[in-house]
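Enquirer:
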Amino acid sequence: MMEREEGRIINLMEPGHTGCAGCGQAIGARLVIKAAGPRTIIANATGCLEVYTTTYPRTSWEVPWIHSLFENAAAVASGMEVTLKAMGRYEGVNIIAQAGDGGTADIGMGCISGMFERGHDILYVCYDNEGYMNTGYQRSSLTPPGARTTTSPPGRKTWGNVTRKKNMPLIAVAHGVPYVATATPAEPRDLMRKVQKALEIEGPKYLHLLVPCVPGWGIESHLSQEMARLATETFLFPLFEIENGVITKVKKVKDRRPVEDYLRPQKRFAHLFKPGGEPILEELRLMAEENSRLEPGPATLTGA
Amino acid sequence: MKTILEGSVAVAEAVRLCRPDMVCAYPITPQTHIVEELSRMVADGRLDAGYVLAESEFGAASIVLGGSAVGGRTYTATSSQGLLLMVEVIFNIAGLRLPVVMTCANRAVSAPINIWNDQQDAVSIRDSGWIQLFVEDNQEAVDTHIQAFKIAEELMIPVMVCMDGYVLTHTWEPVDIPGQEEVDRFLPPYRPADRLDPDDPFTMGSMVGPDAYMETRYNVHMDMMEARQVIKRVCEEYREAFGRGGTGVIDSYGMEGAEVVLVSMGSLLGTMRVAVDELREEEGLKVGLIKVRCFRPFPKDAIHDAVKETQTVGVIEKDISLGLEGTLCSELRAAFCGEDSPEISSFIMGLGGRDITVEEIKQVARDLAANPACRVEFRGLREELLKGDEG
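In structure tokens, the structure reads:
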């Protein structure tokens, strides 16, 4: 409190944490809370962000923040919202639940579905680095096809991960969530605008951020933001907003880049460029092609 | 006011009188009537609280955790598989020092699936850091819930009130429901020292490494040890205010000159009291009873002192630690570790709702009187259903 009054706060998520240099999630999380402002309470799932910002006795958080478990951030946030409302303390407070892709799309799925369905006034942020990075990069249901992870290693019989990414934004839309958007830390103003817009809407909101992971993806620290930008420019991670089930905005890409520009610098995709990897590359090209056809209108299963 | 109510409804009335800020519910037999009644109260405006219908018991436990973390008085109820599904959160609520109160309508656990009463569910999570209070009848259930919020909030330790499913939850009994003003005088509003509040931010639930984790566990343990005194004191305060209200951590019955002492928890005590009276009156067998009201923290000294003059103790319980013996029996043996111990036997009875008769209890006492040697036995088994078709 003292520091706040003296105006010495640098960020609501302060530097000095132990995240990797270039961590896309650290950049993303700092922008999310910067946009949300100091009157925000965060329920954070277990994962990298929790570990590197709150290793006792230090904390990076200048806002009230709680970590309970891997899979229950959405439920903890639900309890906070209902109770604050019942106590008459909710006015002017934002509640954010945040988790990684595993804590959202795999183990957290039940709680997030409950939160969406009950219609709590909560912004849910998924930091998608496409795998379980806190435990050393194992496959999650948001790992893209072909990616090498420690539990989907390429071998004589496989070419890495064999499944497509679970479509979390559309799963949110299917719950009737009024505002769903994607963003990356490479476009900070777009990301912050979406957070602020989301927080103005009553009800559950879902924000899906692609956040590059330096060790997991096998990239240089200084390429983190570049990878986030290329994910969008190749259409492997399109930026869009869906309001009440209708796609209202899709980011236009002036110079569309081939998917190889995004895949080749990442060690997790290196094996795809050996002879025999072509079918997976073709599948990724196809996904990008589908994504490139996204346009304003009703959100449907293909594309978004 | 004295009135005839179903046990679940009586508990809901007690919870309402405690003015919870938020109640969270997921249906599971035989707990369901409690949260149904609370939902009716909210619908009718008799209870002014947030009410969340969770997507699972895991979600329900997480939701009351969140509500408690922002400074609310929160309540939920469960049974059996529901409690087991909550387990990860149960440990978390205790570790975060959140004073949630929960009813466990005790029920057998799967497999095989069985919806009837035993106490395996609650006993299985004895190490989670929750205070566990077992009640004998519905009046004690009402009184214990009101005490539970006070105990929990004073110690910042969650409390689970355990009542036998069906036997108590679905039974209509006369109960005295206190007035709101009396309860308000007894139970002050919950004002936590720390809560998640943008005006005074702090971090709850951080990652704690080998340098400090052990100290957090030590602190919880020491507070749990102290909790026995707090439970006794709150019981006395309640007795002063309401003229009744349970018996602290243990209760005893018929202990004058007892040669055989039977120990148990929950609603079985009522049946056991009858058995003791009949044995003493009709057979001249000096049998006494110890009721364990507080299972965690374990009232080791109180039980030790209560039975140390006896040579023969039988623990009758509706749970088993498979591969050893009844859990309450193990605890009792531990209370005498390192000194002369009475013979302590374990009797597993009433699992999955099997009836326990007065006669069966009397037979346990007679057998112990004739031969006090330690034993672990199931009683009430149907021999024809056991495997072993050797013929």
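Residue numbers (the numbering used here), protein chains in the order written: chain R, 1 to 304; chain A, 305 to 695.
For glycine and all other residues, C-beta sits at the position ideal for the given N, C-alpha and C.
Small disclaimer: the values here were computed from a predicted structure and weren't measured.
Quick test of your reading: residue 334 of chain A and residue 426 of chain A, contact by CB under 8 Å. State the CB separation rounded to the nearest angstrom.
Expert: About 14 Å; that fails the 8 Å criterion.
Enquirer: List, in chain order, every chain R residue whose beta-carbon is nearer than 8 Å to that of residue 325 of chain A.
Expert: Chain R residues near residue 325 of chain A: 83, 86 and 87.
Enquirer: Between residue 13 of chain R and residue 104 of chain R, is the Cβ-Cβ spacing less than 8 Å?
Expert: In this structure, residue 104 of chain R does not lie closer than 8 Å to residue 13 of chain R by Cβ.
Enquirer: If you draw a straight line from the alpha carbon of residue 327 of chain A to that of residue 390 of chain A, how long is it in whole angstroms?
Expert: Going by the C-alpha atoms only, they are around 16 Å apart.
Enquirer: Output needed in chain order: residues of the stretch 496 to 508 of chain A with a Cβ under 9 Å from some Cβ in chain R.
Expert: Listed by position along the chain: 499, 500, 501, 502, 503, 504, 505, 506, 507 and 508.
Enquirer: For the alpha helix (DSSP H) that residue 448 of chain A lies in, which residues bound it at each end?
Expert: Residue 448 of chain A -> alpha helix (DSSP H) spans 442 to 459.
Enquirer: With a threshold of 8 Å, are at least 3 pairs of Cβ atoms found where one atom belongs to the stretch 80 to 100 of chain R and the other to the stretch 531 to 543 of chain A?
Expert: Contact between the stretch 80 to 100 of chain R and the stretch 531 to 543 of chain A is absent, because fewer than three Cβ pairs lie under 8 Å.
Enquirer: Can you tell me which of A:450, A:415 and A:568 puts its alpha carbon nearest to the alpha carbon of residue 556 of chain A?
Expert: If we check each option's Cα against that of residue 556 of chain A, A:568 comes out closest.
Enquirer: At 7 Å on the CB atoms, spell out the chain R contacts of residue 340 of chain A, in chain order.
Expert: Under the 7 Å cutoff, chain R gives no residues; its nearest Cβ is about 18 Å from residue 340 of chain A.
Enquirer: Enumerate in chain order the residues of its own chain whose CB-to-CB distance from residue 2 of chain R is below 6 Å, with the five nearest sequence positions on each side excluded.
Expert: Because residue 2 of chain R carries a pLDDT of 39, less than 50, the predicted location of this residue cannot be relied on, and the following value inherits that uncertainty. Cβ neighbours of residue 2 of chain R beyond the five flanking positions: none.
Enquirer: From the DSSP secondary-structure annotation, give me the bridge partner or partners of residue 311 of chain A.
Expert: Residue 311 of chain A is not bridged to any residue.
Enquirer: Determine whether the Cβ of residue 104 of chain R lies closer than 8 Å to any Cβ atom of chain A.
Expert: Closer than 8 Å: no.
Enquirer: Closest Cβ-Cβ distance between residue 359 of chain A and chain R: below 8 Å?
Expert: It does; some Cβ of chain R falls within 8 Å.
Enquirer: When we look at the beta-carbon of residue 641 of chain A and count the other beta-carbons within 10 Å, is it buried (16 or more) or exposed?
Expert: Exposed is the call here.
Enquirer: Could you name the residues of chain R that residue 396 of chain A contacts, counting a contact when the two beta carbons are closer than 7 Å?
Expert: Going along chain R in sequence order, the residues near residue 396 of chain A (Cβ under 7 Å) are 68 and 69.
Enquirer: Assuming residue 311 of chain A and residue 473 of chain A make a contact with CB atoms under 8 Å, what is their CB distance in whole Å?
Expert: Yes, residue 311 of chain A and residue 473 of chain A are in contact; Cβ-Cβ is about 5 Å, under 8 Å.
Enquirer: Straight-line CA distance for residue 479 of chain A to residue 436 of chain A?
Expert: Taking the straight line from one Cα to the other gives about 22 Å.
Enquirer: Counting Cβ pairs, one atom from each stretch, are 3 or more of them under 8 Å apart for the stretch 149 to 162 of chain R and the stretch 91 to 102 of chain R?
Expert: Contact between the stretch 149 to 162 of chain R and the stretch 91 to 102 of chain R is absent, because fewer than three Cβ pairs lie under 8 Å.
Enquirer: If distances are taken between C-alpha atoms only, which option among R:288, R:224, R:268 and R:208 comes closest to residue 233 of chain R?
Expert: If we check each option's Cα against that of residue 233 of chain R, R:288 comes out closest.
Enquirer: By the three-class DSSP mapping on this structure, what secondary structure does residue 337 of chain A have?
Expert: Of the three classes helix, strand and coil, the one that applies to residue 337 of chain A here is helix, per DSSP.
Enquirer: Counting only the same chain and skipping the five closest in sequence on each side, list residues whose C-beta sits under 8 Å from that of residue 695 of chain A.
Expert: In this prediction, residue 695 of chain A scores a pLDDT of 49, lower than 50, which makes its location untrustworthy; no coordinate-derived value is stated.
Enquirer: Can you give me the start and stop residues for the alpha helix (DSSP H) that residue 541 of chain A sits inside?
Expert: Run containing residue 541 of chain A: 517 to 546, per the alpha helix (DSSP H) assignment.
Enquirer: If we cut at 8 Å on Cβ distances, does residue 529 of chain A have a partner in chain R?
Expert: False, the Cβ-Cβ gap to chain R never drops below 8 Å.
Enquirer: Under 8 Å, with one C-beta from each stretch per pair, do the stretch 48 to 68 of chain R and the stretch 503 to 523 of chain A reach the 3-pair mark?
Expert: In short, these stretches touch, since the Cβ pair count reaches three.
Enquirer: Are there 16 or more other CB atoms within 10 angstroms of the CB of residue 523 of chain A, so buried, or fewer, so exposed?
Expert: It counts as exposed.
Enquirer: Let's test the definition: count the other Cβ atoms within 10 Å of the Cβ of residue 414 of chain A and tell me whether it reaches 16, buried, or not, exposed.
Expert: Exposed, by the Cβ-count rule.
Enquirer: Check the Cβ of residue 55 of chain R against every Cβ in chain A and list those closer than 9 Å, keeping chain order.
Expert: In chain order: 510, 511, 512 and 513.
Enquirer: State the Cα-Cα distance for the pair residue 47 of chain R and residue 673 of chain A, rounded to the nearest angstrom.
Expert: So the two alpha carbons sit approximately 59 Å from each other.
Enquirer: Excluding the five sequence neighbours on either side, which residues of its own chain have a C-beta within less than 6 Å of the C-beta of residue 371 of chain A, listed in chain order?
Expert: Closer than 6 Å at the Cβ level, and outside the excluded window around residue 371 of chain A, lie 326 and 378.
Enquirer: Residues of chain R with CB under 8 Å from residue 367 of chain A, in chain order?
Expert: Ordered by position in chain R, the residues that pass the 8 Å Cβ test against residue 367 of chain A are 75, 76, 78, 79 and 82.
Enquirer: Okay, do the stretch 564 to 583 of chain A and the stretch 613 to 627 of chain A touch, 3+ Cβ pairs below 8 Å being the bar?
Expert: Cβ pair count under 8 Å is three or more, so yes.
Enquirer: Which residues in chain R have a C-beta closer than 7 Å to the C-beta of residue 392 of chain A? List them in chain order.
Expert: The contacting residues are 69.
Enquirer: Applying the 10 Å Cβ sphere with the 16-neighbour rule, what's the burial state of residue 495 of chain A?
Expert: Result: exposed.
Enquirer: In the structure shown, what three-state DSSP assignment does residue 675 of chain A receive?
Expert: Here residue 675 of chain A sits in coil by DSSP.
Enquirer: Just to confirm my understanding: we take residue 186 of chain R, look at its own chain, exclude 5 residues before and 5 after, and list those with CB closer than 6 Å. What are they?
Expert: Once the five neighbours on either side are set aside, the close Cβ partners of residue 186 of chain R are 225, 228 and 229.
Enquirer: With DSSP as the reference, label residue 481 of chain A as helix, strand or coil.
Expert: The answer is coil: DSSP assigns residue 481 of chain A none of H, G, I, E or B.
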